[in-house]
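Below is one structure, written out as structure tokens; comments come after it.
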Amino acid sequence: MAVIRDPMPAFELFQPTTVADAQMVLRRYGATAWVLAGGLDSLDWLKDRIKRPEAVVDLCSIPELKGIRETGEGLEIGATTTLTEVVRHPVVRERYSILLEAAEAAASPQIRNQGTIGGNVSQDTRCWYYRAGWPCYRAGGNICYADTPESINREHAILDADRCVAVNPSDTAPALIALDAQMVIQTADGEERVVAAEDYFVGPGIDITRMTILQPGDLLTAIRLPATWGGARFYFEKVRDRQVWDFALVSVASAMVVSEGANGPTIDRMRIVVNGVAARPLRLQSVEDLVRGRPANEATAVVAANRAIEGARPLRFNGYKVPLMRNLVKRAIRGEATA
Amino acid sequence: MNFLTWGRNPWDQPILTHISWDLLWASLFAGVAFLVAHASYMVFSAHRKRHADETDAMEAAHAHLPGRIVRHSLVARMFHWVMASAMFTLLLTAFLPIAGVRFPWVTWHWTAGLVLTASILFHIIHATVWLDFWSIWVGPRDLPELKAEVLREFGHDVPGPRPGKYPLGNRLYHLAIVVAALTVVASGLFMMVRVQTPFLTRNPYIFGDSTWGLVYVSHGIAGVTLVGLVIAHVYFAVRPEKWWITKSMILGWITRRQYLEHHDPDRWAISRSEGSAVQ
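Those protein sequences? They're chains A and B, same order as listed. Mapped onto the numbering used here, the consecutive letters of the first sequence carry residue numbers 1 to 339. Mapped onto the numbering used here, the consecutive letters of the second sequence carry residue numbers 340 to 618.
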């Protein structure tokens, strides 16, 4: 399908200054409305004329969605806080450095200045068959062009595929899940709903046309970081084709609490998440259960890494993701510095 | 209401994608409407079955028959219940997500589809080799029975033919199920190459877009038809006057009196293996 990159088709632009006003517009336009934050995902869709909303609701004039606030329980980050602001915040730097690393790994400085954390976690997949406007499952059709005998699917899923083999492109999402973050959603009915970051993302088995649980009219307003994992031993690594600016082929984020035992450091508890391997960031609970109480050493890393890739089902061109994921999990447990 | 859903392929040509899901609600409505209409009719109708004194006389004349008549063998009953489980799983996994209940349904759906396919293949072989194959089918020879049954429904005493092993309604229902189930199974087997399974390499290009459109539409039409048919089947299975048939699908037998009351002994002769000792 030809991609047209001339000026965008016309739409009504709304720039509300309160969440209530934004939701009023979203309710009025229903599924034909489009929520715009930093615009880095949205403008591609709109300029390619693949998404043609009647109304665009720009959230960047809503003060209550901006900024980072310290709370009794931890930290609350407004959904339209830019990635640069996240990276520069002293408490993030001191207590949640894994989020800093993940946010800093996203795209380029210019994009981080414009891109928001809410947009980064809510962005759509980068499967190019889908992004080019092909009528695949995710676009409401009944075919996956990325998983055929001829498909080019080097970047696609090796786990949890269900008809669609697209992957989640977010860098901050695995870090937020590792931190056990809470996503604050203002539903279309005006009610506040708080869900675990892990449950914010959905796979194609549950909803093949969405990456998150957000329904038309819903808004992600904030992300809460609990103190539970603050200051833990963190590990984040993103492997990409180009170091300067690219989406992750595979990324890993982990938070580990280690105590010194008689036989060396022992893993008391851990949260570990991989992204770029499935349509949603995957928390590896079986690995977490496996390593709990074990020494943080090479043997544990090897066993855990092998557990992590159980069930992996590579496509024609992405078999390399299996050893890549295995090695990233291994490195996360070793806690070794990024190469 | 739309009947079909259209999409566009990468060459921007219009292609059929599937039936409109409005048809699901139409089928559900039709099934429930039939249920209500039939139940209302049964309240006021005077369906004529064989008179008690006539049945008494037949019992005396057929005293040599055993007390229990085998209606469904264990194998036949097992097939029925396996197929019923597969059918319910298929319908629930197909239509609950459309109704908004979201869960990973695809693997459950094709697994149940394979169970249904296997059970149908088994049934074809079993019915052909070990059962009276033609007893379940309908044809021109059943017209007198159809006429007699219709008249009985309207309260007339008709001496005409009684059913053989299967009442006419059962046979007509079986015919409808055969058409719908074979359509859904055949189209479903082709559709399995569009999803990931351990058995096949995924390849949506074995057919062109328009052929796939027909496969999806056939699958959808057969699927929503089965919704209505299953509603009707469950309804008849739980109706008090049909409970003797349902019970026989659980226990395998009917009493000699039920046999004589509802069937024509000339059209369903009891063989030695279909009788069992009087309890």
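Cβ atoms here follow ideal geometry from the backbone N, Cα and C, with glycine treated the same way.
Any 3 or more C-beta pairs closer than 8 angstroms across the segment 114-126 of chain A and the segment 286-303 of chain A: Touching, no, given that fewer than three Cβ pairs across the two stretches are closer than 8 angstroms.
Does DSSP put Ser254(A) in a helix, a strand or coil? As a working mapping, residue 254(A) is identified with position 254 in the first sequence. DSSP, reduced to helix, strand and coil, places Ser254(A) within a strand of the structure shown.
Quick one: is Phe234(A) buried, meaning 16 or more other Cβ sit within 10 Å of its Cβ, or exposed? Taking the first sequence and counting its residues from 1, one reaches residue 234(A) at position 234. By the 10 Å Cβ count, Phe234(A) comes out buried.
Out of Leu328(A), Lys330(A), Arg154(A) and Leu59(A), state which residue places its alpha-carbon closest to the alpha-carbon of Gly119(A). The residue you call residue 119(A) lines up with position 119 of the first sequence. In terms of Cα proximity to Gly119(A), the closest of Leu328(A), Lys330(A), Arg154(A) and Leu59(A) is Leu59(A).
Hey, is Thr338(A)'s beta-carbon within less than 8 angstroms of any beta-carbon in chain B? Residue numbering aside, residue 338(A) sits at position 338 when the first sequence is read from its first letter. Note that Thr338(A) scores a pLDDT of 45, beneath 50, so its modelled location is shaky and nothing firm can be said.
Short CB-CB distance (under 8 angstroms) between Phe442(B) and chain A: Here the question's residue 442(B) lines up with position 103 in the second sequence. So yes, Phe442(B) belongs to the interface.
Which stretch, first to last residue, makes up the alpha helix (DSSP H) that contains Val167(A)? Walking along the first sequence from the start, residue 167(A) turns up at place 167. For Val167(A), there is no enclosing alpha helix (DSSP H), as DSSP marks it with neither H nor E.
Figure out for me which residue from Thr187(A), Gln186(A) and Leu214(A) has the closest Cα to the Cα of Asp199(A). For the purposes of this step, residue 199(A) is taken as the residue at position 199 of the first sequence. Considering only alpha carbons, the answer is Leu214(A).
Can you tell me which of the three DSSP states Ser259(A) falls into? Taking the first sequence and counting its residues from 1, the one referred to as residue 259(A) is at position 259. DSSP places Ser259(A) in strand when its eight states are reduced to three.
Could you tell me if Lys486(B) is buried or exposed, where buried requires 16 or more neighbouring beta carbons within 10 angstroms of its beta carbon? Position 147 of the second sequence holds residue 486(B). Lys486(B) comes out exposed.
Excluding the 5 residues flanking Ser587(B) on each side, which residues of the same chain have their C-beta closer than 7 angstroms to its C-beta? Taking the second sequence and counting its residues from 1, the one referred to as residue 587(B) is at position 248. Only Arg410, His411 and Ile593 meet the Cβ criterion.
Under 8 angstroms Cβ to Cβ from Phe418(B), same chain only, skipping five residues before and after it: list those, please. What you label residue 418(B) is simply residue 79 of the second sequence in a count that begins at 1. Counting only residues of its own chain and dropping the five nearest sequence neighbours on each side, Phe418(B) has a CB closer than 8 angstroms to the CB of Ser458, Phe461, His462 and His465.
For chain B, is any of its Cβ atoms less than 8 angstroms away from the one on Asp246(A)? Within the first sequence, residue 246(A) is the residue found at index 246, counting from 1. So no, Asp246(A) is outside the interface.
Can you list, in chain order, the residues of the segment 145-164 of chain A whose Cβ is nearer than 7 angstroms to any Cβ on chain B? Taking 7 angstroms as the cut-off between beta carbons, the residues of the segment 145-164 of chain A near chain B are Asp147, Thr148, Pro149, Ala161, Asp162 and Arg163, in sequence order.
Buried versus exposed, by CB contacts within 10 Å (16 or more), Asn348(B): As a first step, residue 348(B) is located in the second sequence; it is residue number 9 there, counting from the start. With 16 or more Cβ atoms within 10 Å of its Cβ, Asn348(B) is classed as buried.
Pick from Gly311(A), Asn263(A) and Asp48(A) that is closest to Pro7(A), judged by C-alpha positions: Along the first sequence, one-based indexing puts residue 7(A) at 7. Nearest to Pro7(A) by C-alpha distance, out of Gly311(A), Asn263(A) and Asp48(A), is Asp48(A).
Compare the C-beta of Thr456(B) against all C-beta atoms of chain A and say whether one is closer than 8 angstroms. For the purposes of this step, residue 456(B) is identified with residue 117 of the second sequence, where counting begins at 1. Not an interface residue.
Determine the burial state of Arg541(B): buried for a count of at least 16 other Cβ atoms within 10 Å of its Cβ, exposed for fewer. For the purposes of this step, residue 541(B) is taken as the residue at position 202 of the second sequence. Taking all protein chains shown into account, Arg541(B) has 16 or more neighbouring C-beta atoms within 10 Å of its C-beta and is therefore buried.
Assigned exposure category for Met256(A) - 16 Cβ within 10 Å defines buried: Along the first sequence, one-based indexing puts residue 256(A) at 256. Counting other Cβ atoms within 10 Å of its Cβ, Met256(A) reaches 16 or more and is therefore classed as buried.
Spatial neighbours of Ala608(B) within its chain, please: C-beta separation below 8 angstroms, excluding the five flanking residues on both sides. Taking the first residue of the second sequence as 1, we reach residue 608(B) at position 269. Nothing meets the Cβ criterion.
Neighbour-count burial assignment, Gln110(A), 16 or more Cβ in a 10 Å radius: For the purposes of this step, residue 110(A) is taken as residue 110 along the first sequence, with counting starting at 1. By the 10 Å Cβ count, Gln110(A) comes out exposed.
Out of Pro323(A), Ala175(A) and Arg138(A), point me to the one whose CA is closest to Leu225(A)'s CA. Within the first sequence, numbered from 1, the residue matching residue 225(A) stands at position 225. For Leu225(A), the closest C-alpha among the options Pro323(A), Ala175(A) and Arg138(A) is that of Ala175(A).
Work out the CA separation of Phe472(B) and Asp392(B) for me, nearest whole Å. Position 53 of the second sequence, counted from the start, is the residue given in the question as residue 392(B). Position 133 of the second sequence, counted from the start, is the residue given in the question as residue 472(B). Spanning the two alpha carbons is a distance of roughly 33 angstroms.
Exposed unless 16 or more other CB atoms sit within 10 angstroms - verdict on Gly319(A): As a first step, residue 319(A) is located in the first sequence; it is residue number 319 there, counting from the start. In the assembly as shown, Gly319(A) is an exposed residue. Its beta-carbon has fewer than 16 other beta-carbons within 10 Å.
Specify the secondary structure class of Gly74(A) as computed by DSSP and reduced to three states. Numbered from its first residue, the first sequence carries residue 74(A) at position 74. Gly74(A) sits in a strand when the DSSP states are folded into three classes.
As a quick exercise: from Val56(A), Ile117(A) and Pro9(A), pick the residue whose alpha carbon is nearest that of Thr84(A). In the first sequence, counting from the first residue as 1, residue 84(A) sits at position 84. Here the closest residue by C-alpha is Ile117(A).
Whole beta strand (DSSP E) elements within the segment 410-437 of chain B, 3-residue minimum: Here no run is fully enclosed.
Beta-carbon gap between Val329(A) and Ala304(A) smaller than 8 angstroms: Translated into positions along the first sequence, residue 329(A) becomes position 329. Translated into positions along the first sequence, residue 304(A) becomes position 304. Going by beta carbons, Val329(A) and Ala304(A) fall inside the 8 angstroms limit.
Report the neighbours of Gly141(A) on chain B: residues whose CB is nearer than 7 angstroms to its CB, in chain order. On the first sequence, residue 141(A) is found 141 positions in, with the first residue counted as 1. Taking the beta carbon of Gly141(A) as reference, the chain B residues within 7 angstroms of it are Gly346 and Thr356, listed in sequence order.
Compare the C-beta of Val322(A) with all C-beta atoms of chain B and state if any pair is closer than 8 angstroms. Residue mapping note: residue 322(A) aligns to position 322 of the first sequence, counting from 1. By this cut-off, Val322(A) is not an interface position.
Mind pulling the chain A residues with CB within less than 8 angstroms of Val445(B)? As a first step, residue 445(B) must be located in the second sequence, where it is residue number 106. Within 8 angstroms of the CB of Val445(B), the CB atoms of chain A belong to Asp162, Arg163 and Gly205, in sequence order along the chain.
Tell me the DSSP bridge mates of Gln182(A)? By one-based count along the first sequence, residue 182(A) stands at place 182. Answer is Ala196(A) and Arg224(A).
Below 8 angstroms between beta carbons: does that hold for Gly591(B) and Leu470(B)? Residue mapping note: residue 591(B) aligns to position 252 of the second sequence, counting from 1. Residue mapping note: residue 470(B) aligns to position 131 of the second sequence, counting from 1. Contact: no.
Ala576(B) (DSSP reduced to helix, strand or coil): Within the second sequence, numbered from 1, the residue matching residue 576(B) stands at position 237. DSSP places Ala576(B) in the helix class (H, G or I) of the three-state scheme.
With 8 angstroms as the limit, tell me which residues of the segment 20-39 of chain A have their beta carbon closer than that to any beta carbon of chain D; keep them in chain order. Absence of chain D from the displayed structure is noted, the protein chains being A and B.
From the beta carbon of Tyr512(B), is the nearest beta carbon of chain A less than 8 angstroms away? Along the second sequence, read from residue 1 onward, the residue named residue 512(B) stands at position 173. Chain A, which has no Cβ nearer than 8 angstroms to the Cβ of Tyr512(B), makes this no.
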